[in-house]
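Chemist: One line per chain: the protein sequences are A and B, in this order.
Each residue of the first sequence is one higher than the one before, counting from 1 in the numbering used here.
Each residue of the second sequence is one higher than the one before, counting from 1 in the numbering used here.
The beta-carbon is built from N, C-alpha and C at its ideal position, and this holds for glycine as well.
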Amino acid sequence: QKEVEQNSGPLSVPEGAIASLNCTYSDRGSQSFFWYRQYSGKSPELIMSIYSNGDKEDGRFTAQLNKASQYVSLLIRDSQPSDSATYLCAGHSNTGNQFYFGTGTSLTVIP
Amino acid sequence: EPEVTQTPSHQVTQMGQEVILRCVPISNHLYFYWYRQILGQKVEFLVSFYNNEISEKSEIFDDQFSVERPDGSNFTLKIRSTKLEDSAMYFCASNRDRTTYEQYFGPGTRLTVT
Numbered sequence: 001q002k003e004v005e006q007n008s009g010p011l012s013v014p015e016g017a018i019a020s021l022n023c024t025y026s027d028r029g030s031q032s033f034f035w036y037r038q039y040s041g042k043s044p045e046l047i048m049s050i051y052s053n054g055d056k057e058d059g060r061f062t063a064q065l066n067k068a069s070q071y072v073s074l075l076i077r078d079s080q081p082s083d084s085a086t087y088l089c090a091g092h093s094n095t096g097n098q099f100y101f102g103t104g105t106s107l108t109v110i111p
Numbered sequence: 001e002p003e004v005t006q007t008p009s010h011q012v013t014q015m016g017q018e019v020i021l022r023c024v025p026i027s028n029h030l031y032f033y034w035y036r037q038i039l040g041q042k043v044e045f046l047v048s049f050y051n052n053e054i055s056e057k058s059e060i061f062d063d064q065f066s067v068e069r070p071d072g073s074n075f076t077l078k079i080r081s082t083k084l085e086d087s088a089m090y091f092c093a094s095n096r097d098r099t100t101y102e103q104y105f106g107p108g109t110r111l112t113v114t
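(1) Taking CB distances under 9 Å as the criterion, tell me whether B:Thr100 reaches chain A.
(2) At a CB-CB cut-off below 7 Å, which residues of chain B make contact with A:Phe101?
(3) Sorted by chain position, which residues of the same chain lie with C-beta nearer than 6 Å to A:Lys67's C-beta, five sequence neighbours on each side aside?
(4) Between which two residues does the beta strand (DSSP E) carrying B:Ser58 extend?
(5) Taking the beta strand (DSSP E) that A:Lys56 belongs to, which residues open and close that run?
(6) In chain order, what residues of the same chain lie with their CB nearer than 7 Å to the CB of A:Ser12, ignoring the 5 residues before and after it?
(7) Just verifying my parser: in three-state terms, what is the DSSP assignment at A:Pro111?
(8) Helix or strand or just coil, what does DSSP make of B:Leu39?
(9) To be precise: take each residue of the region 7-22 of chain A, compare its Cβ to all Cβ atoms of chain B, and keep it if any distance is under 9 Å. Which residues remain?
(10) Starting from B:Arg110, follow its DSSP beta bridges and name the residues at the other end.
(11) Taking buried to mean at least 16 other C-beta atoms within 10 Å of its own C-beta, is B:Asp97 buried or exposed?
This is the structure we're talking about:
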């Protein structure tokens, strides 16, 4: 069973701070990982993808992947109240075409 | 910007009835997916579809479910005989190719089975 574990939170950070979100995954065969943002009642919105060990930066977002530790993280710099949402970590298995999602971490950015 | 669309946004049906949920993936995308999300729970993979065939399906995707691409634009999910536990948000998603796997979700259909 391919799984992603996330700390469900809730995580609260003050506006302007760095929010750090983490997940671990069970399937060593998975090569691709994604972070989605989901506002309440809305669909998941892709914000970052990462395929290689190391860091990947896109604006205020940095994704980190460590395949040896089976660990993926997302840093949000200069957090804004509009970042308040649930963040979903997802993996993709190369054996077939299936994505699997974590339960999500709820983030609240306090003005 | 191209986006995945889904209809209807909300469907109410009685237990035992058949429902068809419709999706129009992004036009140059080749891989299509259905997911469900029960209220307060995680997004669950149902099925992936490529080249008019199912690529992979989960244990949830039993004989009650089927998918079809009836024409060049629509992608449908049929639930033959709905159960109360089928009540959920159903999301369609698509991605262009298998080099990046970056998939984009539609707004979802809320299915309520009474």
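Modeler: According to the structure data:
(1) B:Thr100 counts as touching chain A.
(2) Correct list: Lys42, Val43.
(3) Asn53
(4) Segment: none, B:Ser58 is in no beta strand (DSSP E) and carries neither H nor E.
(5) 54-58
(6) Thr108, Ile110
(7) coil
(8) coil
(9) none
(10) B:His10, B:Met89
(11) Of the other Cβ atoms in all chains shown, fewer than 16 fall within 10 Å of the Cβ of B:Asp97; this residue is therefore exposed.
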